[in-house]
Amino acid sequence: MTKRLDPQEGYSRFASTYDENEKYWDSFEKNHLKEYFEASKDKKVLDAGAGTGRLTMKLFSAGADVTALDFSPDMLEKLQKKNPDIKTVEGDVENMPFEDDQFDFVFSSLTLVHLKKIIPFLDECYRVLKDEGKLILVNVHYRRPMLLEDEKGKYTIKCHNHFPRHVREAAEELAYNIEEEIIVTEGDDVWVSQILILRK
Ligand SMILES: C[S@@+](CC[C@H](N)C(=O)[O-])C[C@H]1O[C@@H](n2cnc3c(N)ncnc32)[C@H](O)[C@@H]1O
């Protein structure tokens, strides 16, 4: 029997093998984030839903003052093993443990798909961004949940696909300025990811 797990429990089980799929995770971004990694040099940056640090490590290498936020201690532990100097914070992206107006950039990839609602997360990102700060958001579309397996059995992690139009509308409702939107598609024109650059 396959269990459908909440993200916190799911990622605690997935943490040990998550990095084996790094190329697959990268494929949702198709190198579109590179210029924003470069722009993050010497900036205060948050990686929201950082996981094992796929983006955090790139930001750190680019010279950003980066903080990794995630509610899975097991995912963050993997990140800390890669580089113990990187700041990690355990917490919820919908209720962030940070003061207002802290960050020049918030990056968030592959995390919105695990949240039921769009607005509370976008609202939190807006709150912690400085004026003119930018949210670099990667919203993915999982056509079917990934079937995972470990010694405890088969499981999937709960997902909520959010259509690009709904994310755009939520961003506009919160008074973000939409600087850029890239829709990555597959051969048959089905969207696989939406990359949004939102300015406060
Ligand atoms: C698919 S992983 C993405 C990790 C990393 N951003 C990447 O692109 O490789 C999703 C991450 O979001 C985290 N996550 C999901 N919901 C969260 C929430 N409400 N608060 C904090 N982290 C959350 C999970 O623990 C997991 O580490």
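In case it helps, the numbering used here puts the sequence shown at residues 1 to 200.
We put the CB at the ideal spot given by N, CA and C, even for glycine.
Quick caveat: nothing in here was measured; it's all calculated off a predicted structure.
Spatially closest choice to residue i from the options, by CA coordinates
{"i": "L129", "options": "I86, Y155, L46", "result": "L46"}
{"i": "H114", "options": "H160, Y176, M57", "result": "H160"}
{"i": "L33", "options": "Y11, S16, L59, T17", "result": "L59"}
{"i": "E94", "options": "Q8, G153, A64, D123", "result": "D123"}
{"i": "L110", "options": "D26, D189, R127", "result": "D26"}
{"i": "K44", "options": "K81, E77, D101, Y18", "result": "D101"}
{"i": "M1", "options": "L147, M96, A39, T17", "result": "L147"}
{"i": "S40", "options": "A64, N21, K23", "result": "A64"}
{"i": "E22", "options": "L196, R54, L79, E38", "result": "R54"}
{"i": "D19", "options": "L79, K30, F37", "result": "L79"}
{"i": "R199", "options": "E99, I118, R127", "result": "R127"}
{"i": "K30", "options": "V184, W191, I197", "result": "V184"}
Beta-bridge partners of residue i, as assigned by DSSP
{"i": "I195", "result": "V138, I182"}
{"i": "R4", "result": "T156"}
{"i": "K44", "result": "D65"}
{"i": "D189", "result": "Paired residue(s): none; D189 is not in a bridge."}
{"i": "N21", "result": "According to DSSP, N21 bridges with nothing at all."}
{"i": "D26", "result": "DSSP lists no partner for D26."}
{"i": "N177", "result": "R199"}
Supposed close pair residue i, residue j - CB separation, criterion 8 Å
{"i": "T56", "j": "A62", "result": "Rounded, the Cβ-Cβ distance is 11 Å, inconsistent with contact."}
{"i": "A15", "j": "T52", "result": "7 Å"}
{"i": "L112", "j": "H162", "result": "6 Å"}
{"i": "D92", "j": "F105", "result": "20 Å between Cβ atoms; not a contact."}
{"i": "A48", "j": "L76", "result": "A48 to L76, Cβ: 13 Å. No contact."}
task = Mind the definition here: the region 127-141 touches the region 154-171 only if three or more C-beta pairs lie below 8 Å; say whether that holds.
result = Touching, per the Cβ criterion.
ask   = What beta strand (DSSP E) runs, 3 residues minimum, are completely inside the region 74-155?
value = Qualifying beta strand (DSSP E) stretches, in chain order: 87-90, 103-109, 129-140, 148-150.
ask   = Can you find at least 3 beta carbon pairs, one from the region 6-23 and one from the region 144-158, that sit closer than 8 Å?
value = Yes, the region 6-23 touches the region 144-158.
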